[in-house]
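The numbering of the sequence shown is my numbering, which starts it at 10 and goes up by one.
Notes follow once the structure below has been shown.
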Amino acid sequence: MKPLRSLIPIGTATLLPHTAQSVRWLEDQLLAHCSTWGYQEIILPTFEYLDVLAVGLAPEILEKCYKFADWGSGRILVLRPDATAQIARMVAMGLGGDALPLRFSYRTTVFRYEPEHRGRDREVFQVGFELLGKDTSQSDAEVVTLLAGLLERIGLPEWKISLGHVGFFKALLAQSGLSLSGRKQAEIAAAHKDIPQLEKILETERLSRSKVKDILQVPERYGRDEVLEWGMRIAGKDKQLLKPLQRLTQVYRQLIANGVQDHILLDLGEFRGFDYYDGVVFDVFTSTFGSEIGGGGRYNHLVGRFGRDLSAIGLGLDLDRVFSALERGGKVGGNGLKPVRIFTSPHQSEASFALAQRLRGAGICVIEEMIEGSPKSALSWVTTVARRRGVPCAMIFEEKTSTPQSVLLLEFTSYSQKPRQTRMLVQELPQRLQAFNHGNI
Numbered sequence: 010m011k012p013l014r015s016l017i018p019i020g021t022a023t024l025l026p027h028t029a030q031s032v033r034w035l036e037d038q039l040l041a042h043c044s045t046w047g048y049q050e051i052i053l054p055t056f057e058y059l060d061v062l063a064v065g066l067a068p069e070i071l072e073k074c075y076k077f078a079d080w081g082s083g084r085i086l087v088l089r090p091d092a093t094a095q096i097a098r099m100v101a102m103g104l105g106g107d108a109l110p111l112r113f114s115y116r117t118t119v120f121r122y123e124p125e126h127r128g129r130d131r132e133v134f135q136v137g138f139e140l141l142g143k144d145t146s147q148s149d150a151e152v153v154t155l156l157a158g159l160l161e162r163i164g165l166p167e168w169k170i171s172l173g174h175v176g177f178f179k180a181l182l183a184q185s186g187l188s189l190s191g192r193k194q195a196e197i198a199a200a201h202k203d204i205p206q207l208e209k210i211l212e213t214e215r216l217s218r219s220k221v222k223d224i225l226q227v228p229e230r231y232g233r234d235e236v237l238e239w240g241m242r243i244a245g246k247d248k249q250l251l252k253p254l255q256r257l258t259q260v261y262r263q264l265i266a267n268g269v270q271d272h273i274l275l276d277l278g279e280f281r282g283f284d285y286y287d288g289v290v291f292d293v294f295t296s297t298f299g300s301e302i303g304g305g306g307r308y309n310h311l312v313g314r315f316g317r318d319l320s321a322i323g324l325g326l327d328l329d330r331v332f333s334a335l336e337r338g339g340k341v342g343g344n345g346l347k348p349v350r351i352f353t354s355p356h357q358s359e360a361s362f363a364l365a366q367r368l369r370g371a372g373i374c375v376i377e378e379m380i381e382g383s384p385k386s387a388l389s390w391v392t393t394v395a396r397r398r399g400v401p402c403a404m405i406f407e408e409k410t411s412t413p414q415s416v417l418l419l420e421f422t423s424y425s426q427k428p429r430q431t432r433m434l435v436q437e438l439p440q441r442l443q444a445f446n447h448g449n450i
């Protein structure tokens with residue numbers, strides 16, 4: 010038989026019931042919070058025409074796309090590599106409507122080829138939201154404040170939002186005398202906080218020592234007000250450097266007014282890994298995961314690439330990383346439904362089904378099972394089976410009639426070998442089991 014590893018594509022995952030329930034719970038929590046801010050969920054296509062979507066994607070993202078031919082048209086299709094570019098294409102086509110600003114949320118999967126040694130998934134579950142048609146410091150702060158509320162809601166441990174503006178570093182590079190290719194390489198190095206590589210790039214093009222010093226200090230400048238003060242000293246009276254700093258200052262002051270400043274770290278070297286960002290940018294970090302778990306920023310020029318000039322800002326969270334961070338912090342939730350089981354004999358199957366339907370109508374998860382063996386040994390058999398399967402709650406019809414009025418309720422705990430037994434009337438069960446369904450029994 011082939012090794013199991015060879016039967017599963019690298020970078021993909023199969024989510025078993027417990028994990029799937031937790032992931033769905035996480036998605037529901039995030040989208041429910043977004044809806045309270047007016048962000049409405051949209052569903053994006055899984056694949057697009059490559060030549061259409063390519064205008065919104067950086068070359069390095071295009072190289073990682075999974076491509077295949079459309080049998081009907083012969084055109085090349087691409088599996089969704091990035092949700093933001095799709096939304097930009099959708100809005101540019103007028104599909105989002107004309108009533109600006111537009112607020113969208115989504116849950117989706119993106120697909121990108123990653124070398125095996127990189128340790129990154131090729132299929133990434135995401136939840137995100139986008140605000141289009143509004144370009145103010147208040148709208149920047151809205152998105153960051155919404156993000157902070159999301160992280161609070163799901164109980165992410167010890168999290169921080171790294172907040173910057175790509176315009177400052179880009180202007181500094183442009184004024185340094187670096188070539189266009191050198192600037193691009195420097196941006197990539199800064200995005201990865203690769204100071205040795207950044208230093209090597211600057212040395213190759215023989216910049217002045219003062220300019221090299223200023224550029225190398227940028228990725229290491231993070232904190233709070235002192236970061237802005239340093240940036241202002243470097244900028245002097247240069248309008249190209251002052252403009253992004255002034256916008257970042259306005260956003261930061263608004264975040265202070267919104268009460269989320271304790272979770273914000275200003276970072277002038279915050280750059281993200283996508284070339285379409287052109288304003289405020291941010292990443293999310295937590296103590297229980299070694300790299301960013303999501304991020305976003307302003308991309309005012311991206312929608313224009315598809316034919317409609319429209320400002321925009323958005324965010325995407327990597328659910329795999331968020332889930333891992335929550336799991337390591339012991340804060341993974343579930344979908345709230347724990348199954349109870351009804352064990353019944355053949356002549357009571359109609360009554361069992363009727364009870365199961367009644368309970369399901371009350372929002373209780375129910376599984377029916379047939380008792381094996383003699384009626385005299387039913388309790389022993391059910392206890393053995395329930396223990397083996399990890400069943401927390403079960404019911405047995407003890408009455409011999411085809412329409413019994415009561416059941417024996419069995420509750421199994423880890424601290425006792427024998428289940429707790431309670432005889433209850435059928436009509437009393439829905440209220441009794443509601444507490445169990447939500448973990449309070």
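C-beta atoms are modelled at their ideal positions from N, C-alpha and C, and glycine is treated no differently.
- Message: Residues in the same chain with beta-carbon distance under 6 Å from G65, minus the five sequence neighbours each way, listed in chain order, please.
- Response: A94, A97, L311 and R314
- Message: So V289 and R307 are supposed to be a Cβ contact under 8 Å. How far apart are they, rounded?
- Response: 5 Å
- Item | C-alpha gap between I450 and L442, whole angstroms | Residue confidence for I450 is low, a pLDDT of 38 falling below 50, so the modelled location carries little weight and cannot support an answer.
- Item | Closest Cα partner of V61 within the set L88, L35, W46 and L40 | Cα-wise, what sits closest to V61 is L88.
- Message: On the DSSP letters alone, give me the boundaries of the beta strand (DSSP E) that E229 sits inside.
- Response: The continuous stretches of beta strand (DSSP E) do not include E229, and DSSP gives it neither H nor E.
- Is DSSP giving G304 helix, strand or coil here? strand
- Task: For my contact list, L71 and A78 are in at a C-beta cut-off of 8 Å; report their separation, rounded to the angstrom.
- Result: That belief does not hold up - the Cβ atoms of L71 and A78 are roughly 17 Å apart, past 8 Å.
- Message: Please classify G305 as buried or exposed, where buried requires at least 16 neighbouring CB atoms within 10 angstroms.
- Response: When all chains shown are included, G305 counts as buried.
- Item | Per-residue DSSP class, three states only, for L88 | strand
- Could you tell me which uninterrupted alpha helix (DSSP H) segments, each at least 4 residues in length, are contained entirely in the region 18 to 67, listed from first to last along the chain? 26 to 44 and 59 to 62
- Item | Secondary structure of H272, DSSP reduced to three states | helix
- Item | Sufficient close CB pairs (3 or more, under 8 Å) joining the region 185 to 204 to the region 255 to 270 | no
- Item | Beta-bridge pairing of L403 - partner residues as DSSP gives them | At residue 403 the sequence reads Ala, which differs from the Leu that was named. DSSP lists R350 and L419 as partners of A403.
- Message: Judging by CA-CA distance, which residue of K427, E36, Y286 and A92 is the nearest neighbour of I197?
- Response: Y286
- Item | Assigned exposure category for R218 - 16 Cβ within 10 Å defines buried | exposed
- Who pairs with W168 in a beta bridge, going by DSSP? T295
- Message: Quick test of the definition: if touching needs 3 or more C-beta pairs under 8 Å, does the region 330 to 338 touch the region 394 to 407?
- Response: no
- Sequence-distant residues of the same chain with beta carbon closer than 7 Å to E381, five excluded per side: W390
- Hey, L39 and L141: beta-carbon distance below 8 Å or not? no
- Query: Under a three-way DSSP split, which group does K451 fall into?
  - Reply: In the structure as shown, the chain begins at 10 and stops at 450. Residue 451 is therefore absent and cannot be evaluated.
- Task: Have a look at Y58, D271 and L182 and flag the residue whose alpha-carbon is nearest the alpha-carbon of W80.
- Result: Closest by alpha carbon: Y58.
- Message: Threshold first: 3 residues or longer. Then list the beta strand (DSSP E) segments lying entirely within the region 163 to 208, N to C.
- Response: Here the runs fully enclosed are 168 to 174.
- Task: Would you kindly work out how many angstroms separate the C-alpha atoms of Q249 and V32, rounded to a whole number?
- Result: 44 Å
- Message: Please tell me whether G278 and A199 are closer than 8 Å, where the distance is taken between their beta carbons.
- Response: yes
- Task: Could you please give the first and the last residue of the uninterrupted beta strand (DSSP E) stretch that includes G323?
- Result: A321 to D327
- Classification of P401 by the beta-carbon crowding that lies within 10 angstroms, buried from 16 upward: buried
- Task: Mind the definition here: the region 223 to 239 touches the region 102 to 120 only if three or more C-beta pairs lie below 8 Å; say whether that holds.
- Result: no
- Query: Would you call the region 409 to 427 and the region 349 to 368 touching, i.e. three or more CB-CB distances under 8 Å?
  - Reply: By the C-beta criterion, the region 409 to 427 is judged to be in contact with the region 349 to 368, since at least 3 inter-stretch pairs fall below 8 Å.
- Task: List the endpoints of the continuous beta strand (DSSP E) containing L140.
- Result: Element bounds for L140: E132 to L141.
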